[in-house]
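Contents: one structure, followed by commentary.
In our numbering, the protein residues as written are 17 to 187.
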């Protein structure tokens, strides 16, 4: 496995880096680019799907581009929503990755002038017969609950599932 593959870049992405730099990147450049081009930072895999979702309408007070979306639900009341993916941080360190994901969502709700009252969580993991997947599940569940409960914003619902893969996917 090459250094760029270890950092989650494809061969095509590595070639694009060489083309843009006019040379091979050094180790530090490769690390920085791999982080910035990760799904977590750039939404490189999900951006096209996200663009297909509706983002405007009479009830949309704030659509994409701000910290959180706001929908009008009647009687002059708006509800702020935030969706956050913390896949890679949670795969590296489950408790802290999940806790900072919850913290980021709450921060973004606060910045819109709203007060968070609850969180809903969806967890999709690898094969749960795998020790690594069970370790991630236990840590993520504890991290979400630990952060949310500490600031009095409970998780009121959750969805979860297991996806079997033939290879490890770095998110």
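Ideal Cβ placement from N, Cα and C applies to all residues, glycine included.
All values derive from a computational prediction rather than experimental measurement.
Under the three-pair Cβ rule at 8 Å, the region 78 to 91 does not count as touching the region 47 to 65.
Counting C-beta atoms within 10 angstroms of its own C-beta, residue 73 has fewer than 16 neighbours from the protein chains shown and is therefore classed as exposed. Boundaries of the beta strand (DSSP E) harbouring residue 137: 135 to 141, taken from the DSSP string.
Exclusion of the five residues before and after residue 176 leaves 139 as the residues of its chain whose Cβ lies within less than 6 Å of its Cβ. Listed as beta-bridge partners of residue 88 by DSSP are 94. Collapsing the DSSP output to three states places residue 78 in a strand. Residue burial annotation: residue 136 is exposed, with fewer than 16 other C-beta atoms found within 10 angstroms of its C-beta. Burial state of residue 124 is buried, judged by a 10 Å Cβ sphere holding 16 or more other Cβ atoms.
At least 7 Å separates the beta-carbon of residue 34 from that of residue 49. The C-alpha of residue 56 lies about 35 Å from the C-alpha of residue 92. Setting aside the 5 residues that flank it on each side, residue 118 is surrounded in the same chain by 135, 160, 163, 164, each with a C-beta closer than 7 Å to its C-beta; the list follows chain order. By the CB criterion at 7 Å, residue 101 and residue 114 fall outside the cutoff. Between residue 155 and residue 110, the C-beta spacing is below 7 Å. Residue 175 is bridged by DSSP to 138. Shown here, residue 25 sits in coil according to DSSP, grouped into three states, outside any helix or strand.
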